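Peer 1: Dropping the structure in here first, questions after.
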Amino acid sequence: TFDVDTGGPEGQFLHPVTKGTDLKKLLEDLGLESFYRKKLSLSKILEINKKTINDDPPKSKSDYSWYFLKKLMMMNVTARKIKCTSASESDCDDTLNLDDLLASPNKAETFNLLDIITALFLCSDCFVQQELSLKMSLCQFSVPLLLPNGNTEQCTLMLWAMRDIVKKYRPPDLSESKGFIEETIVLSELPMVSFVRLGECSLSKSEILNKLLSNSEQYHDTFVHYNMECGDSPKRISNGLTEITWYLPCGNKNMDIFSEPVAIANLRGDITSYETQYSFLCQTSAAVFVFFDQLDSECKLLTNKTHKAKIFLVGNQQSKNFTVDSVKKLGASLALTNNNILIKTKQTNDADFVKQLRKRVSDVVNNSQKKTSVEKMADIAQELGIIVDENSPECQAGKMKADAITAQIQDTLKYKQDQLRLQGQIWKELTCLEKEEFRLRKVGSENIENYKCKLQTEREKLRKKQNIYAMSPAMSCFINAISSQGIERCYFLKWMHLNLDNLSRIKLSGLRELYKKKSQDFGNKEEIKDIDSQLSSSSLGTEHFFREMGQIYEASLYLPQTDPSRQQLQHLPKLCAQLLLDGFPLELVDGDASNIPLRW
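Numbering-wise, the UniProt record's numbering puts 329 at position 329 of the sequence shown, and it's gapless, one number per residue.
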């Protein structure tokens, strides 16, 4: 199979390569070949080593991907500015030789940024992919929606990879009340507008998209494009990559480009080579904008009646291959109107062209009845033979176990009282006792040793009270699930985190905003204290389950050494230590009771 990339800024280089061979060579060049089979894990990318603490720019080919990864993990928006420092660049040449300048304007070997991003995703496990997508989104970079396999025509819908991305926006109907919507972006039902290329194209589709999504005062490169640093390097494995980003309004008419939220998808490469990706976009999008220089009036891809999206043609009259007749014929066969065709004429500058494009996208967004979420796109992907990343047996098993626990939660406060019993009043009394053991502020004239003994006796009584409670069904399920081996345990924890966040987000978002407003206005202290208490009681995350584990373990240490219950619980710290080594964060200080369970 040959992958040919041709034409202008959207495909500047003729680069026929055998896909499998080129993937292998690229991974070797980037120093990633060993991670194609055994994927990069969280514990690997969080490792502190010489490369982590060194801020030097890449000096060799194998430094590129690690440099980008390090900058991205730090959420550094300059992460995509990668240039290898070579001796030839640093040497000062006092001679004049225009032939040399014209022959090799850029001697340093570079990689296309999209190849680096694609290679990193292909070499990362599902949890690193999630971390990469989250950090890219926070930096306002586009993220992979459909990831090409690299050595076959297969691609993957990156649904799991985007599960962690949460967005906050204010649609027009909430502008008066100053309210907002905050939700996981893969669950948001939005219109999607897609941008694709047919054949060669002299317009830089991605650069135009960046202008489309940027205010005139603040331009931002959401998508990698030809005129960026390393953007002109030939693509070796990233054609077929489909990226997604979101434009979300803030409710300010003077600032918002679109008044309604919209998802924007961008397919890399020629649609004639990536028909599956194009079909997917036509079935999930409200509209598809097709950039072209030359049209075939009989183009079956564009005249396919099963495709549901509105088609818009975007051409460049200044291209030598552009012909008005072919546009007329195709426009007639597709029953298009002038509104569905946008031509950049010789008299149209970039600003006016972007303005016209923005008007058409805005009309689609404001009038579209077709809205869908990335989660719902999974069904269409499967029909087209596209892999869905979260359909693995381990991911689904972890989800099933997490759902079994979180499905029982109706009232958060009541659930915590019923299922997380050791975090009640006894626990707060224990915390006060432990603090007093160290501070001895209430000892008065009493003998210090006697006072300490009295405190220890009180502590033992409270621990015995805790041991009266049997382990709750939810905690039994939780401990069993994190006792499972391998990747299933990690999936379970992530699903728990996602489910619990989704359950509490609506109430917590409102309370946090209210708390922030009252604090800034120096409101009534009792009122602020009440909001703080509501925040604490409405909050439920995986950390609450781990706190309960810590209390179960600490209480078990007050049972006789031969007690079977004590012996059965001795493995609990080991489970959490392993999770920490696997790259999952664990709570050190509990914020509700200001407690550090030292033995745990």
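From the three backbone atoms N, C-alpha and C, an ideal C-beta is built for every residue, glycine too.
Note that the structure is predicted; figures quoted are calculated from it, not measured.
What are the start and end residues of the alpha helix (DSSP H) that includes W495?
Peer 2: 487-520
Peer 1: Is the CB-CB distance between A161 and D501 below 8 angstroms?
Peer 2: no
Peer 1: For the alpha helix (DSSP H) containing R459, list its first residue and its last residue.
Peer 2: 448-468
Peer 1: Note down, in chain order, each residue of its chain lying with its Cβ closer than 6 angstroms to the Cβ of K44, except the 5 sequence neighbours on either side.
Peer 2: There are no such residues.
Peer 1: Leaving out five residues on either side along the sequence, give the residues of the same chain with a beta carbon under 7 angstroms from the beta carbon of F584.
Peer 2: L493
Peer 1: Could you check where the alpha helix (DSSP H) with V224 kicks off and where it finishes?
Peer 2: It is not in any alpha helix (DSSP H) - V224 carries neither H nor E in the DSSP assignment.
Peer 1: Note the first and the last residue of the continuous alpha helix (DSSP H) segment covering I596.
Peer 2: No alpha helix (DSSP H) contains I596, which DSSP labels as neither H nor E.
Peer 1: Given a threshold of 16 other Cβ atoms within 10 Å of its Cβ, counted over all protein chains shown, does P249 qualify as buried or as exposed?
Peer 2: buried
Peer 1: Using only alpha-carbon positions, find the residue among I208, N215, P234 that is nearest to F223.
Peer 2: I208
Peer 1: Counting only runs of 4+ residues fully inside the region 390-456, write out the alpha helix (DSSP H) ranges in chain order.
Peer 2: 393-406, 412-419, 425-439
Peer 1: Please list the segments of the beta strand (DSSP E) lying wholly inside the region 145-181, counting only runs of 3 or more residues, in order along the chain.
Peer 2: 155-157, 166-169
Peer 1: From I253 to L203, what distance separates their C-alpha atoms?
Peer 2: The residue asked about is misnamed: residue 253 is Lys in this sequence, not Ile. If I take the Cα positions, the gap works out to 30 angstroms.
Peer 1: How would you write the range of the alpha helix (DSSP H) that D232 sits in, first residue to last?
Peer 2: No alpha helix (DSSP H) holds D232; DSSP gives it neither H nor E.
Peer 1: Determine which residues share a DSSP beta bridge with S124 and list them.
Peer 2: According to DSSP, which records beta bridges pairwise, S124 is partnered with L40.
Peer 1: On the three-pair Cβ rule with 8 angstroms, is the region 362-381 touching the region 449-463?
Peer 2: no
Peer 1: By a C-beta neighbour count over all protein chains shown, 10 Å radius and 16 as the cutoff for buried, is L580 buried or exposed?
Peer 2: exposed
Peer 1: Check whether the Cβ atoms of K70 and L30 sit closer than 8 angstroms, and answer yes or no.
Peer 2: no
Peer 1: Taking its Cβ as the centre, do 16 or more other Cβ atoms sit within 10 Å of M400, making it buried, or is it exposed?
Peer 2: M400 is exposed by the Cβ-count criterion.
Peer 1: In whole angstroms, give me the CA-to-CA distance for I405 and V327.
Peer 2: C-alpha separation (whole angstroms): 58 angstroms.
Peer 1: Could you check where the beta strand (DSSP E) with V288 kicks off and where it finishes?
Peer 2: 287-292
Peer 1: Do V262 and V196 count as a contact pair if the criterion is CB distance below 8 angstroms?
Peer 2: no
Peer 1: By Cβ distance below 6 angstroms, which residues in the same chain neighbour S536 in space, the five residues on each side in sequence not counted?
Peer 2: Within the same chain, S536 has close Cβ partners D592.
Peer 1: Find the nearest neighbour of E28 within the set E436, D55, D115, judged by alpha-carbon distance.
Peer 2: That would be D115, whose Cα lies nearest to the Cα of E28.
Peer 1: Sort out for me which residues DSSP pairs L218 with in a bridge.
Peer 2: Residue identity check: residue 218 is Gln in the sequence provided, not Leu. For Q218, DSSP records a beta bridge to N215.
Peer 1: Whole angstroms are fine: how far does the CA of V128 sit from the CA of D164?
Peer 2: 11 angstroms
Peer 1: Give a yes or no on whether the C-beta atoms belonging to W427 and Q551 are separated by under 8 angstroms.
Peer 2: yes
Peer 1: To the nearest angstrom, report how far apart C230 and R268 are at their CA atoms.
Peer 2: Going by the C-alpha atoms only, they are around 16 angstroms apart.
Peer 1: F68 and I48 - do their beta-carbons sit closer together than 8 angstroms?
Peer 2: no
Peer 1: Below 6 angstroms CB to CB, which residues in the same chain sit around G398 once its five sequence neighbours on both sides are set aside?
Peer 2: E488, Y491, F492, W495
Peer 1: Nearest CA to the CA of Y558: which residue from K465, N97, L157, F546?
Peer 2: K465
Peer 1: Which value, in whole angstroms, describes the spacing of the CA atoms of residue 623 and R547?
Peer 2: Not covered by the structure: residue 623. The range shown for the chain is 1 to 600.
Peer 1: When the Cβ atoms of the region 270-279 are set against those of the region 146-155, are three or more pairs found closer than 8 angstroms?
Peer 2: yes
Peer 1: How big is the Cα-Cα spacing for E304 and V186?
Peer 2: Note on residue identity: the sequence assigns Asn, not Glu, to residue 304. N304 and V186: Cα-Cα distance of roughly 28 angstroms.
Peer 1: In angstroms, rounded to a whole number, what distance separates the CA positions of I531 and S175?
Peer 2: Using only the alpha carbons, I get a separation of about 24 angstroms.
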